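Visitor: Below are the structure tokens for one structure; questions will follow.
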Amino acid sequence: MRNFLSLAALALPALLLAGCTAGTQAQPAATVETAAAPPPQTLTAYASPALQPALQAYAAGQGVTLTLADDASAAELIALDYDPAGLVQGLDAAQDPLLGAAALRAGLDDTAVSLPVGRSLYGYWANGAMLDALLGEGGTTALQNATWAEWSDFVETLQAWLAEPGPATVTLAGSDYALPEAKPDTLTATGVFAQPMDRAAGYTAALLAAGTERTADTLTGPLNGVYSAAALEWDNLAQSDETALFRRAKLTDLLAAYGSDACQSLVLVPFKCNLEESDLSTEEYNLTGLLNYPVLAQAGTLTVNAAAGEEARKAAEGAVLWLYSSGEGEAALTETLGVITPWNTAYDGTALGAMQVQQASTGILPGAAFTQAQADALAENEAALQGGGRTSAERRDFTARALEILGAAEPAESEK
């Protein structure tokens, strides 16, 4: 079932609720004998892997031939994890009454050029049964509430234990947990972490810690904390993504990559940065919340390419309106992608879906907004840490580059 998280969602005009065909003009009546075969419907999209399943559901449901482009400028519809500003010019929603109504449903005005797909839980995902086998009863909850020092010690201890199993104890949320003396038969892990599927959403806690004045002074400490987290991942990486215990990702990333059935045994551990009280310039969030709440990240955007021809734009608008206004489209968002929609509906018919609904109503960090260019640059900056020496100079370079990407001033001469 779809769980309505809020009753304040805006209703769409009847024309939009009727479906996606409103954008096409009525044709003269024709008999079966004289009617020409309708032209084949096509859609060219530039889409991230996490959002492709929704477009594929649209194509299958509406009999549309979907082509995935390698270049955003060649596409009619751009569906990316983050805002495509700088890649293409999006069509102003005011140019089409139906797009304008869709923007209003998402809580935006009709000047919007991109519409949100929804929100998705983000953090470290792991097999719940395997964590129980490693830590025993209560271990997963303790891990979710661990301090940075406890988390980093757990990671390093576990990496060493995977290489050479034996008696080992870790402290999580103030309590001790003993690792098994031998590897469980089902454990094939070669390292703690897989390569992240999304890195940008991991900067949410740092940005929230900086408060409303996001300058070098307020961001340097929190970004140093992200450096520590990224370095910890690189230093405890598995030999392959398939032989890792934890993977940093949005839920949408995992569902698209592995399918819903394969993901139902997963549990979520918040992405933890090396934050200290002195790093916080905000009164809205405390250190415990920034460490122990998962991020409800922005799952992506839908953008109609303003440079496309009129018919091509109509094809793109049809896909957007189907997702926003039809029951099948909402199912593609909530069930296939696994998002909480911009109008606050979600699917709780699976264990993961129910967990996301429950977590969203209990406590989350609101995901920060980035452009796709910023997200890509932040990922490149983290990739540069692979094989690094973990020196003060390396950390300063990382933080200086992150400040530049985020549009902050040059960092002050200070260290954490």
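Under mature numbering (1 follows the signal peptide of the UniProt record, and there is no 0), read the sequence shown as residues -26 to -1, 1 to 390, first letter to last.
Even for Gly, the Cβ is constructed at its ideal location relative to N, Cα and C.
Keep in mind that this is a model prediction, so the values were computed, not measured.
1) Return the chain-ordered ranges of every beta strand (DSSP E) run that is complete within the stretch 119 to 168 and spans a minimum of 3 residues.
2) Which class does L42 belong to by DSSP, given the choice of helix, strand or coil?
3) Between the Cα of A342 and the Cα atoms of D172, T162, Q118 and D45, which residue gives the shortest distance?
4) Could you spell out where the alpha helix (DSSP H) holding R79 opens and where it closes?
5) CA-CA distance, A68 and A282?
6) How long is the line joining the alpha carbons of E138 and S214, rounded to whole angstroms?
7) Would you call the stretch 286 to 297 and the stretch 98 to 105 touching, i.e. three or more CB-CB distances under 8 angstroms?
8) Is the separation between the beta-carbon of G165 and that of Q133 shorter than 8 angstroms?
9) At which residues does the beta strand (DSSP E) containing S94 begin and terminate?
10) Rounded to the nearest angstrom, what separates G(-4) and L197 at their Cα positions?
11) Please report the residue range of the alpha helix (DSSP H) in which R370 lies.
12) Could you please give the first and the last residue of the uninterrupted beta strand (DSSP E) stretch that includes K224?
13) Apply the 10 Å Cβ neighbour rule to E356 and answer buried if 16 or more other Cβ atoms are within range, or exposed otherwise.
14) What do you reckon, are the CB atoms on L17 and A293 nearer than 8 angstroms?
15) Would the stretch 174 to 183 and the stretch 337 to 352 be scored as touching if the rule is three or more Cβ pairs under 8 angstroms?
16) Decide if T121 is buried, meaning its Cβ has at least 16 other Cβ atoms within 10 Å, or exposed.
17) Taking only three categories from DSSP, how would you classify Y32?
18) If you draw a straight line from the alpha carbon of G381 to that of F128, how long is it in whole angstroms?
19) Taking D150 as the reference, which of F167, Q348, C247 and T115 has the closest Cα?
20) Residue 392 by DSSP, collapsed to three states: which one?
Guide: The answer reads as follows:
1) Segments of the beta strand (DSSP E) lying fully in the stretch 119 to 168: 142 to 146, 149 to 153 and 165 to 167.
2) In this structure, L42 counts as strand in the three-state DSSP scheme.
3) Put simply, of D172, T162, Q118 and D45 the residue whose alpha carbon is nearest the alpha carbon of A342 is D172.
4) Note, R79: alpha helix (DSSP H), P71 to R79.
5) Cα-Cα distance, rounded: 17 angstroms.
6) Between E138 and S214, the C-alpha separation is close to 18 angstroms.
7) No, they do not touch.
8) The Cβ-Cβ distance between G165 and Q133 falls below 8 angstroms.
9) In this chain, the beta strand (DSSP E) harbouring S94 covers L89 to N101.
10) Low local confidence applies: a pLDDT of 36 at G(-4) is under 50, so the model's placement there is unreliable, and no value is given.
11) Under the DSSP assignment, R370 falls in the alpha helix (DSSP H) whose first and last residues are S366 to I379.
12) Counting along the chain, the beta strand (DSSP E) containing K224 begins and ends at A218 to K224.
13) Buried, since its Cβ has 16 or more Cβ neighbours within 10 Å.
14) In this structure, A293 lies closer than 8 angstroms to L17 by Cβ.
15) Verdict: yes, contact present.
16) So T121 ends up on the buried side.
17) Y32: helix per DSSP, three-state reduction.
18) Their backbone Cα atoms lie some 34 angstroms apart in a straight line.
19) Residue nearest to D150 within the set F167, Q348, C247 and T115 is T115 (criterion: CA-CA distance).
20) A query on residue 392 cannot be resolved here, the shown segment of the chain reaching from -26 to 390 and no further.
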